[in-house]
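Numbering (this note's numbering), first residue to last: 1 to 332. Glycine included, every Cβ here is placed at the ideal spot set by N, Cα and C. Scroll down for the structure; my scribbles are underneath it.
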Ligand code: FES
Ligand SMILES: [Fe+2]
């Protein structure tokens, strides 16, 4: 289950994407259904009824706040417990054996977080402070890229592309400083949350501080005197060729108005500048570190790539319902 991405917390969609109806998604090649109970609390289940395998997401949330299967009306609580089976006498001990697969889920910082496994063993998602502290304005955008999440993630941790891909936008000042013999030195500082990457161009800081939040988050601290501005990007695996990019710009100033709108459009454009290049990468999934040529300024992306091959690539075993066995179109 969750092959190549098992045993981790990840945001799956912005909170606003989940209304009153169940929402079908794919996460790391598994079908997942999200729903809200009568009190608005989120449940996350593998989107397959244990009875005859139909998609629970085609059902409805009933008066008891449970997800009711559309086929024979079995209903399931937020943790997957089977709470009712119509038209049959059944002792509750027996019914308990007919649970759907529940996933640990949290809602925090404007995002719904899911654990890619059934036992999160006392762990909690690492929610960036800019998403939960009061006093920040946040803009959340999500879109689907036709790319494997590992290529998207590396792109977000890659500083040397900035003066090329973003030469007219965020890479402009770096490009202006570059000489033919310039050297970009990247330092990798492992941290409990992942790593911090420090960039120096010809011995001088490039300004912004870049962090990797394990497993699939990037955080950029943008230096503005007396103010705080952060960009968070999460690369959420859908399947081998699709990634949901969740982009959040947070700032403790410029709360409303046309300038705020412009700033958000600018962030959207920056992501657009990366998209076509990442989607063109072959092979789609990053290969092992030795299989592509790398240079010193690739330190941060190689740091991520080693982690991926050491801890995630082989995790989770077989997909429950591999895309190749699906007979109906899946919903990215
Ligand atoms: S298939 Fe879900 S209740 Fe029968
Ligand atoms: Fe970029």
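Quiz item: Terminal residues of the continuous alpha helix (DSSP H) containing residue 21?
Solution: For residue 21, no alpha helix (DSSP H) encloses it, and the DSSP letter there is neither H nor E.
Self-check item: Any 3 or more C-beta pairs closer than 8 Å across the region 245-257 and the region 23-30
Solution: With a cut-off of 8 Å on Cβ pairs, the region 245-257 is not in contact with the region 23-30, counting fewer than three such pairs.
Practice problem: Name the residue from 180, 124, 129 whose alpha carbon lies nearest to the alpha carbon of residue 7. | Solution: Residue 7 has its Cα closest to that of 124, out of 180, 124, 129.
Quiz item: Mind checking residue 164: buried by the 16 CB within 10 Å criterion, or exposed?
Solution: Classification of residue 164: exposed, given that the 10 Å Cβ count is below 16.
Quiz item: Of all residues in the structure, which have a C-beta closer than 5 Å to any heavy atom of ligand 1, taken in chain order?
Solution: Those residues, listed in chain order, are 49, 51, 52, 54, 69, 71, 72, 74.
Self-check item: heavy atom of ligand 2 below 7 Å from residue 273 C-beta
Solution: Residue 273: yes, Cβ under 7 Å from ligand 2.
Exercise. Go ahead and pull the three-state DSSP assignment for residue 37.
Key: Of the three classes helix, strand and coil, the one that applies to residue 37 here is coil, per DSSP.
Practice problem: Taking residue 277 as the reference, give the member of 210, 262, 127, 161 with the closest Cα. | Solution: Between residue 277 and the set 210, 262, 127, 161, the nearest pair of CA atoms involves 161.
Practice problem: Pick out the complete beta strand (DSSP E) segments inside the region 177-238, 3 residues or longer, and give them in chain order. | Solution: Counting only runs of 3 or more, we get 184-191, 194-201, 209-213, 217-221.
Quiz item: Which same chain residues, not among the five before or five after residue 140, have their C-beta less than 6 Å away from its C-beta?
Solution: Excluding positions up to five away in sequence, the list reads 14, 110, 248.
Quiz item: Are the C-beta atoms of residue 122 and some chain C residue less than 8 Å apart?
Solution: Among the chains in the structure shown there is no chain C, since it carries only a single protein chain.
Quiz item: What is the DSSP secondary structure of residue 262, counted as helix, strand or coil?
Solution: If DSSP states are grouped into helix, strand and coil, residue 262 belongs with the helices.
Quiz item: For residue 303, which three-state DSSP category applies?
Solution: DSSP places residue 303 in helix when its eight states are reduced to three.
Quiz prompt | Nearest neighbour of residue 9, chosen from 116, 56, 44, 31 [CA to CA] | solution = When 116, 56, 44, 31 are compared, the shortest CA-CA separation from residue 9 is found for 116.
Quiz item: Of the choices 183, 12, 101, 258, whose alpha-carbon is the least far from that of residue 55?
Solution: The candidate whose alpha carbon is nearest that of residue 55 is 101.
Quiz item: What is the DSSP secondary structure of residue 270, counted as helix, strand or coil?
Solution: In this structure, residue 270 counts as helix in the three-state DSSP scheme.
Quiz prompt | Residue environment, residue 173, which counts as buried when at least 16 other CB atoms sit within 10 Å | solution = It is exposed - the Cβ of residue 173 has fewer than 16 other Cβ atoms within 10 Å.
Practice problem: Whole angstroms is fine: what's the gap from residue 227's alpha carbon to residue 186's? | Solution: The straight-line gap from Cα to Cα measures roughly 25 Å.
Practice problem: May I have the straight-line CA-CA distance separating residue 296 from residue 197, to the nearest angstrom? | Solution: Distance between the alpha carbons of residue 296 and residue 197: 13 Å.
Quiz item: Per DSSP, residue 67 is paired with what?
Solution: Note: residue 67 sits in a beta bridge opposite 61, 76.
Quiz item: If you compare alpha carbons, which of 4, 205, 182, 126 is closest to residue 234?
Solution: The residue with the shortest Cα to Cα distance from residue 234 is 126.
Quiz item: Going by other Cβ atoms of all chains shown within 10 Å of its Cβ, with 16 needed for buried, is residue 274 buried or exposed?
Solution: The residue is buried, with at least 16 neighbouring Cβ atoms inside 10 Å.
Quiz prompt | Which of helix, strand or coil DSSP assigns to residue 100 | solution = In the structure shown, residue 100 falls within a coil segment according to DSSP collapsed to helix, strand and coil.
Quiz prompt | Rounded distance between the beta-carbons of residue 143 and residue 245, thought under 8 Å | solution = Yes, residue 245 and residue 143 are in contact; Cβ-Cβ is about 6 Å, under 8 Å.
Quiz item: Alpha carbon to alpha carbon, what distance is there between residue 267 and residue 30?
Solution: C-alpha separation (whole angstroms): 30 Å.
Quiz item: CA-CA distance, residue 189 and residue 156?
Solution: Straight-line Cα distance between these residues: approximately 17 Å.
Exercise. Quick one: grab the DSSP three-state call for residue 318.
Key: Under the three-state reduction of DSSP, residue 318 is assigned to coil, being neither helix nor strand.
Self-check item: Ranges of the beta strand (DSSP E) found wholly within the region 93-170, counting only runs of at least 3
Solution: If we require 3 residues or more, the beta strand (DSSP E) runs fully inside the region 93-170 come out as 105-108, 111-115, 137-145.
Quiz item: Looking at residue 188 and ligand 2, is the gap between the Cβ and the nearest heavy atom below 7 Å?
Solution: Checking every heavy atom of ligand 2 against the Cβ of residue 188, none is found closer than 7 Å.
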